[in-house]
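In my numbering, the protein residues as written are 1080 to 1269. Note that beta-carbon positions come from the ideal geometry of N, C-alpha and C, so glycine has one too. Everything numeric in this text was worked out from a predicted model, so none of it was measured. See structure below.
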C-alpha cells in the first residue's frame, strides 16, 4: 500500500510539474510577444522619429494589405529560441539603462544609423523573406543577392548594409523634425 502511495505521489508530482511548466512557458511566450510590439518599444519619447518613420514604411503597415513587422521581427536575433531570448534580454537591459540613467537627448541617432547591422539581424529578415533565395535564381534580383546566397556572403554584408532604409522610411527626415522640435522646446524654456 505504501508503495502505491509513493508511485501516485511521484506521478502526480511529475504531471503537476509538467502542467506548471507548460503554463509558465505560455506566460513567458506571451510576455515576450507582447513586449516586442511597437507600442512597448515606442513608449519612450526618444523613439518618436523611429516610430514615425516605421509607420511610413511598408514594414510598418504602409502597404496594400496593412501587414506590419513588429520591432522584434527585425531587431532581435531569430537564429534560435535561445539567441532570441538572449538578444531580447541584452537589448532590454541596454535600452532600459539608457532610458533611465542617461540623457537620451544626447543620443546621436544619425551616428547610430551607421551601425544598423549591429541591431538589425539577417535572421529576422529571413523569417519573412525565406523564399528569396529561390526567387532570385530566376529574377532580376539574382546578381545583387548572388554573393549573399550562392557564394556564402564572402564580403560579410548584412541585409541592411544594402537595404539601409528598410523598416524606417525617411528616418533622416524624421530625425531632423524631432531635433527641430527639441531645439524649439529648449529655446522656449530659456
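Check whether residue i and residue j have beta carbons under 8 angstroms apart
i: residue 1234; j: residue 1226; result: yes
i: residue 1183; j: residue 1191; result: no
i: residue 1241; j: residue 1223; result: yes
i: residue 1244; j: residue 1252; result: no
i: residue 1168; j: residue 1115; result: no
i: residue 1133; j: residue 1117; result: yes
i: residue 1237; j: residue 1196; result: yes
Beta-carbon contacts of residue i that lie in its chain and below 6 angstroms, excluding the five residues immediately before and after
i: residue 1148; result: 1138
Cross-strand partners of residue i (DSSP beta bridge)
i: residue 1139; result: 1147
Other residues of its chain near residue i: CB distance less than 7 angstroms, five sequence neighbours each side excluded
i: residue 1120; result: 1126, 1150
i: residue 1136; result: 1246, 1247, 1248
Residue i versus residue j: straight-line alpha-carbon distance, rounded
i: residue 1263; j: residue 1107; result: 42 angstroms
i: residue 1202; j: residue 1265; result: 41 angstroms
i: residue 1230; j: residue 1199; result: 22 angstroms
i: residue 1164; j: residue 1267; result: 43 angstroms
i: residue 1179; j: residue 1186; result: 13 angstroms
i: residue 1085; j: residue 1102; result: 26 angstroms
i: residue 1088; j: residue 1140; result: 53 angstroms
i: residue 1181; j: residue 1170; result: 15 angstroms
i: residue 1110; j: residue 1104; result: 10 angstroms
i: residue 1207; j: residue 1219; result: 20 angstroms
i: residue 1157; j: residue 1166; result: 9 angstroms
i: residue 1239; j: residue 1189; result: 15 angstroms
i: residue 1082; j: residue 1161; result: 40 angstroms
i: residue 1259; j: residue 1112; result: 34 angstroms
Limits of the unbroken alpha helix (DSSP H) element including residue i
i: residue 1268; result: 1250 to 1268
i: residue 1111; result: 1081 to 1113
i: residue 1223; result: 1221 to 1228
i: residue 1160; result: 1160 to 1180
i: residue 1204; result: 1201 to 1207
i: residue 1119; result: 1117 to 1120
i: residue 1239; result: 1238 to 1241
i: residue 1191; result: 1188 to 1192
Contact set for residue i: own chain, Cβ-Cβ below 8 angstroms, skip 5 residues either direction
i: residue 1256; result: 1128, 1131
CB contact check: residue i to chain D, cutoff 8 angstroms
i: residue 1224; result: Going by chain labels, chain D is absent from the structure shown, which holds only one protein chain.
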